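> Right, I'll just put the structure down here and ask away after.
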Amino acid sequence: MLLDTASLYFRAFFGVPDSMRAPDGTPVNAVRGLMDFVTRLVGEYEPTHLACCWDDDWRPQWRVDLLPTYKAHRVVEERAADPDVEEVPDPLEVQVPIIREVLAAWGLPVVGAAEHEADDVIGTLATGAGMPVDVVTGDRDLFQLVDDEAQVRVLYTARGVGRHERVTEDVVLEKYGVRADQYADFATLRGDASDGLPGVKGVGDKTAATLLGRFGDIAGIRAAATDPAADMAPGVRAKVKAASDYLDVAPKVVAVVRDLPVRDVDLRIPGTSIDPAAAVALTERWDLGTSAERLTAVLGALD
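Per this note's numbering, the sequence shown starts with residue 19, numbered consecutively.
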């Protein structure tokens, strides 16, 4: 089980009442919400291995160099030597270090990679895993990893963790009219305002799916746009040609990296082999209450 950790703690922050506070008044709704999410998912699916995948760099410079608009609307401070500062509500920002402490105390491995996003860590760990993989995320971009033969699926949390959807190849095809291995090209063509991807102007979901169904991938679409004999309407042909500069770089921005050096981490579920003293101290300091009790119980049940 590979968790898109930021996706989950953002959902917890906005979905769990902010009245949950530690004795000193610090909000802990994201902390407790994330713990409850992990408890629910581990209890339901009983994974043997788990990784809390982390954004060591939420907006990698190499992606920005390729496409300057990439996530630009989320930046509140640009920094030369370190990752740019993302727009995060203050009451959530103070909880992120607590989340890291909690994950460590309960023995849940956090895996990140310099100059890469959690998506890239997930892509690497999901590829060639040698076992069934559940990717837990609210980000549709990770649909590109869905692979029935390799037993990789996405547990999509857009409607909530308790109402998550199991996304397989058939689900992607039914929803978008493209194969899962075409999803990255589909997202590139139609664009995504939430990630600062402009897409090909005038090409929406239906046109993108039609083009991929007819020509296979972006390379095939671009080749067809320059081939007078190809079955492509003049208007669409003009739109694809006009987006040439964007299509030179966007596919690399959208595609998750699958070959990061992160495979040597022991991802086995720890069971009861946590740091009991740290867990107790954190539970008392931050008033984690039943969230801590349930997480401890569900991990212990896997021993």
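Even glycine gets a Cβ: it sits at the ideal position worked out from N, Cα and C.
Treat the numbers as computed from the prediction; the structure is a model and nothing was measured.
Please report the Cβ distance between Tyr264 and Pro216, rounded to the nearest whole angstrom; I am assuming they are in contact, meaning their Cβ atoms lie under 8 Å.
About 7 Å; that satisfies the 8 Å criterion.
> Which runs of the beta strand (DSSP E) fall wholly inside the region 182-267 and span at least 3 residues, in chain order?
Listed in chain order, the complete beta strand (DSSP E) runs (minimum 3 residues) inside the region 182-267 are 183-185.
> Would Ala226 and Arg240 be called neighbours here (beta carbons separated by less than 7 Å)?
Result no, Cβ atoms of Ala226 and Arg240 do not sit closer than 7 Å.
> So for Asp108, helix, strand or coil by DSSP?
Residue state, collapsed to three classes: helix.
> Report the CB separation of Val151 from Leu20 in whole angstroms; it is logged as a contact under 8 Å.
Between Leu20 and Val151 the Cβ distance is about 6 Å, and since that is below 8 Å, they are a contact.
> For the structure I just gave you, are there three or more beta carbon pairs, one from the region 50-59 and one from the region 29-39, closer than 8 Å?
In short, these stretches touch, since the Cβ pair count reaches three.
> Leaving out five residues on either side along the sequence, give the residues of the same chain with a beta carbon under 7 Å from the beta carbon of Asp249.
Arg232, listed in sequence order.
> Straight-line CA distance for Arg177 to Phe32?
Answer to the nearest angstrom: the Cα atoms are 13 Å apart.
> Quick check on Glu192: buried or exposed, where buried means 16 or more other Cβ atoms within 10 Å of its Cβ?
Classification of Glu192: exposed, given that the 10 Å Cβ count is below 16.
> Name the one or two DSSP bridge partners that Asp152 has.
Answer is Arg171.
> Does the region 180-191 come close enough to the region 133-145 that 3 or more CB-CB pairs lie under 8 Å?
The region 133-145, when compared against the region 180-191, does not touch it at the 8 Å Cβ threshold.
> Over the uninterrupted alpha helix (DSSP H) stretch that includes Leu26, give me the two end residues.
Here the alpha helix (DSSP H) through Leu26 covers Thr23 to Gly33.
> Name the DSSP beta bridge partners of Asp159, please?
Beta-bridge pairing links Asp159 to no other residue.
> By Cβ distance below 7 Å, which residues in the same chain neighbour Tyr63 in space, the five residues on each side in sequence not counted?
Within the same chain, Tyr63 has close Cβ partners Met19 and Asp152.
> Do you know whose CA, among Gly220, Gly234, Arg286 and Gly238, lies nearest Ala261's CA?
Considering only alpha carbons, the answer is Gly220.
> On the DSSP letters alone, give me the boundaries of the beta strand (DSSP E) that Ala69 sits inside.
From DSSP, the beta strand (DSSP E) with Ala69 extends over Ala69 to Cys71.
> What residues in its chain sit with their C-beta under 7 Å from that of Ala243, if we drop five residues either side in the sequence?
Excluding residues within five positions, the ones whose Cβ falls inside 7 Å are Met250, Arg255, Val258 and Lys259.
> Could you tell me whether the region 273-285 touches the region 118-138, where touching means 3 or more Cβ pairs closer than 8 Å?
Yes, the region 273-285 touches the region 118-138.
> Could you give the C-beta distance for Ala90 and Phe55, rounded to a whole number, given that I count them as a contact under 8 Å?
Ala90 to Phe55, Cβ: 29 Å. No contact.
> If I measure Cβ to Cβ from Asp157 and keep anything under 8 Å in the same chain, skipping five residues before and after, which residues do I get?
Taken in chain order, the residues that qualify are Asp22, Ser25 and Asp137.
> Check for me: the alpha helix (DSSP H) holding Ala122 runs from which residue to which?
Run containing Ala122: Val114 to Ala123, per the alpha helix (DSSP H) assignment.
> Just to confirm before moving on: does the CB-CB distance between Gln169 and Tyr201 stay below 7 Å?
No; because the gap between Cβ atoms is not below 7 Å, this pair is not in contact.
> Roughly how far, in whole angstroms, is the beta-carbon of Leu300 from the beta-carbon of Glu119, given that I think they are within contact range, below 8 Å?
6 Å between Cβ atoms; contact.
> Run through DSSP, which three-state label would Asp165 get?
Strand.
> Going by other Cβ atoms of all chains shown within 10 Å of its Cβ, with 16 needed for buried, is Arg181 buried or exposed?
Answer is exposed; the Cβ neighbour count stays below 16.
> What do you get for Asp83, buried or exposed, if any count of 16 or more other CB atoms within 10 angstroms of its CB means buried?
Its Cβ having fewer than 16 others within 10 Å, Asp83 is exposed.
> Measure the alpha-carbon distance for Val93 versus Val34 and round it to whole angstroms.
Distance between the alpha carbons of Val93 and Val34 is about 25 Å.
> Alpha carbon to alpha carbon, what distance is there between Arg81 and Asp108?
The alpha-carbon atoms of Asp108 and Arg81 are separated by roughly 26 Å.
> How about Val316 and Val106: are their beta carbons less than 7 Å apart?
Against a cut-off of 7 Å, the Cβ pair of Val106 and Val316 comes out as no contact.
> Please state the DSSP three-state secondary structure of Leu320.
Coil, per DSSP.
> Measure the C-alpha to C-alpha separation of Phe28 and Lys224 and round it to an integer number of angstroms.
Going from the Cα of Phe28 to the Cα of Lys224 covers about 31 Å.
> Taking the DSSP output, what are the residues bridged to Leu20?
The partner list for Leu20 (beta bridge, DSSP) reads Ala69 and Val153.
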